[in-house]
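Engineer: Questions regarding the structure given below will be posed in turn.
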């Protein structure tokens with residue numbers, strides 16, 4: 083009976099000793115696992131931050147650039163849509179400007195408006211004169227300012243912008259009854275000339291000659 087009691091006692095003591103040792107071991111393992119998790123989490127966060135920095139400034143006076151291989155398809159599509167939206171806005175503003183110029187021109191001829199007074203006609207004519215708001219120089223200048231702002235000064239976009247200008251003038255002609263008035267046609271010619279000047283200036287700056 084004594085032996086049995088000792089056996090039970092020893093078994094209980096051994097169990098208690100084992101439980102204490104196991105608890106310490108488990109606590110140590112848990113602590114080490116926690117340290118490892120913290121290190122991995124820190125490393126993962128660092129890697130994630132690096133992966134998120136897909137846009138890079140190339141200079142204080144230069145636009146933001148990016149590497150296409152750092153962008154997923156959704157981001158590329160979003161950028162393309164934003165670029166298209168800017169071009170569409172440019173075409174609409176250009177169209178509106180040329181239509182207003184054409185309407186001013188029509189007013190000077192009394193156009194289709196039978197109620198145009200000589201005073202209104204004279205006022206419209208004044209806006210079309212050199213220095214006027216809708217003169218060839220003024221409208222062409224505003225169009226080129228918008229084009230260069232849209233391009234960010236990148237001359238490689240000249241041909242793309244030419245097509246946008248052609249689209250805008252064509253739409254304005256349709257809105258004005260199918261044909262642009264002579265002053266708007268002259269404005270179109272002036273804008274194309276300024277695109278040529280921009281392209282030639284860019285070639286000289288980059289050292290490229292025809």
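In this note's numbering, the protein residues as written are 83 to 292.
We treat Cβ as the ideally placed atom computed from N, Cα and C, and that holds for glycine.
Which one of 203, 226, 207, 187 has the shortest CA to CA distance from residue 173?
Structural biologist: To locate residue 173, count along the chain shown from 1; it is residue 91. Nearest of 203, 226, 207, 187 to residue 173, Cα basis: 226.
Engineer: Cutting at 7 Å between CB atoms, please list the residues of its own chain near residue 239, excluding the five before and the five after it.
Structural biologist: Translated into positions along the chain shown, residue 239 becomes position 157. Contacts found: 233.
Engineer: Which word fits residue 261, buried or exposed, when buried means at least 16 other C-beta atoms lie within 10 angstroms of its C-beta?
Structural biologist: The count along the chain shown starts at 1 and reaches residue 261 at position 179. Exposed: under 16 other Cβ atoms inside 10 Å.
Engineer: Helix, strand or coil for residue 218 per DSSP?
Structural biologist: Numbered from 1 along the chain shown, position 136 holds the residue referred to as residue 218. Here residue 218 sits in helix by DSSP.
Engineer: Would DSSP call residue 171 helix, strand or coil?
Structural biologist: In the chain shown, the residue the question calls residue 171 occupies position 89. Reduced to three states, the DSSP call for residue 171 is helix.
Engineer: Between 244, 268, 259, 264, which has its C-alpha nearest residue 278's C-alpha?
Structural biologist: Within the chain shown, numbered from 1, the residue matching residue 278 stands at position 196. The shortest C-alpha separation from residue 278 is found at 244.
Engineer: Assuming residue 266 and residue 184 make a contact with CB atoms under 8 Å, what is their CB distance in whole Å?
Structural biologist: Walking along the chain shown from the start, residue 266 turns up at place 184. Walking along the chain shown from the start, residue 184 turns up at place 102. Contact annotation, residue 266 with residue 184: C-beta distance approximately 5 Å; criterion of less than 8 Å satisfied.
Engineer: Is the beta carbon of residue 153 less than 8 Å from the beta carbon of residue 250?
Structural biologist: The residue you call residue 153 lines up with position 71 of the chain shown. The residue you call residue 250 lines up with position 168 of the chain shown. No, the pair does not count as a contact, with Cβ atoms beyond the cut-off.
Engineer: Can you name, in chain order, every residue of its own chain whose Cβ lies under 7 Å from the Cβ of residue 280, other than the five neighbours on each side?
Structural biologist: The count along the chain shown starts at 1 and reaches residue 280 at position 198. Only 237, 240 meet the Cβ criterion.
Engineer: For residue 210, does the count of other Cβ atoms within 10 angstroms reach 16, so buried, or fall short, so exposed?
Structural biologist: Residue mapping note: residue 210 aligns to position 128 of the chain shown, counting from 1. Per the 10 Å Cβ criterion, buried.
Engineer: If you check the beta carbons only, do residue 190 and residue 206 fall under 8 Å apart?
Structural biologist: Position 108 of the chain shown, counting from 1, holds the residue named residue 190. Position 124 of the chain shown, counting from 1, holds the residue named residue 206. Their beta carbons are under 8 Å apart, which means residue 190 touches residue 206 by this criterion.
Engineer: Look up residue 232 in the DSSP assignment and say whether it is helix, strand or coil.
Structural biologist: Residue 232 sits at position 150 when you count from the first residue of the chain shown. DSSP, read as helix, strand or coil, puts residue 232 in helix.
Engineer: How is residue 200 classed by DSSP in three states: helix, strand or coil?
Structural biologist: Working through the chain shown from its first residue, we reach residue 200 at position 118. The answer is helix: DSSP assigns residue 200 an H, G or I state.
Engineer: Suppose contacts are defined by Cβ-Cβ distances below 8 Å. Is residue 158 in contact with residue 257 by that definition?
Structural biologist: Locating residue 158 in the chain shown gives position 76, counting from the first residue. Locating residue 257 in the chain shown gives position 175, counting from the first residue. No, the Cβ-Cβ distance between residue 158 and residue 257 is not below 8 Å.
Engineer: With a CB to CB cut of under 6 Å and the five nearest residues on each side skipped, what residues in its chain are close to residue 169?
Structural biologist: As a working note, residue 169 is residue 87 in the chain shown. Excluding sequence neighbours, residue 169 sits near 246.
Engineer: Residue 164: buried (16+ other C-beta within 10 angstroms of its C-beta) or exposed?
Structural biologist: Mapped onto the chain shown, residue 164 falls at position 82. So residue 164 counts as exposed.
Engineer: From 155, 289, 179, pick the residue whose C-alpha is nearest to that of residue 252; which is it?
Structural biologist: For this step, residue 252 is matched to residue 170 along the chain shown. Ranking the options by Cα distance to residue 252, first place goes to 179.
Engineer: Could you tell me if residue 216 is buried or exposed, where buried requires 16 or more neighbouring beta carbons within 10 angstroms of its beta carbon?
Structural biologist: What you label residue 216 is simply residue 134 of the chain shown in a count that begins at 1. Answer is buried; the Cβ neighbour count reaches 16.
Engineer: By Cβ distance, which residues of its chain are closer than 6 Å to residue 104, with the 5 residues on each side in sequence left out?
Structural biologist: If you number the chain shown from 1, residue 104 lands on position 22. Here residue 104 scores only 45 on pLDDT, less than 50, and its place in the model should not be relied on; the value that follows carries that caveat. Cβ neighbours of residue 104 beyond the five flanking positions: none.
Engineer: Kindly indicate which three-state DSSP category residue 107 falls into: helix, strand or coil?
Structural biologist: By one-based count along the chain shown, residue 107 stands at place 25. For residue 107, the predicted structure reports a pLDDT of 49, less than 50, and the residue's modelled location is therefore unreliable. A value from the coordinates is still provided. Residue 107 falls in the helix class under three-state DSSP.
Engineer: Just reading off the alpha helix (DSSP H) that residue 266 is part of, what are its end residues?
Structural biologist: Sequence index remark: in the chain shown, residue 266 carries index 184 (1-based). Start and end: 264-288.
Engineer: Rounding to the nearest angstrom, what Cα-Cα distance links residue 129 and residue 156 in this structure?
Structural biologist: Taking the chain shown and counting its residues from 1, one reaches residue 129 at position 47. Taking the chain shown and counting its residues from 1, one reaches residue 156 at position 74. Annotation note: pLDDT 46 at residue 129 (below 50); position unreliable, no value reported.
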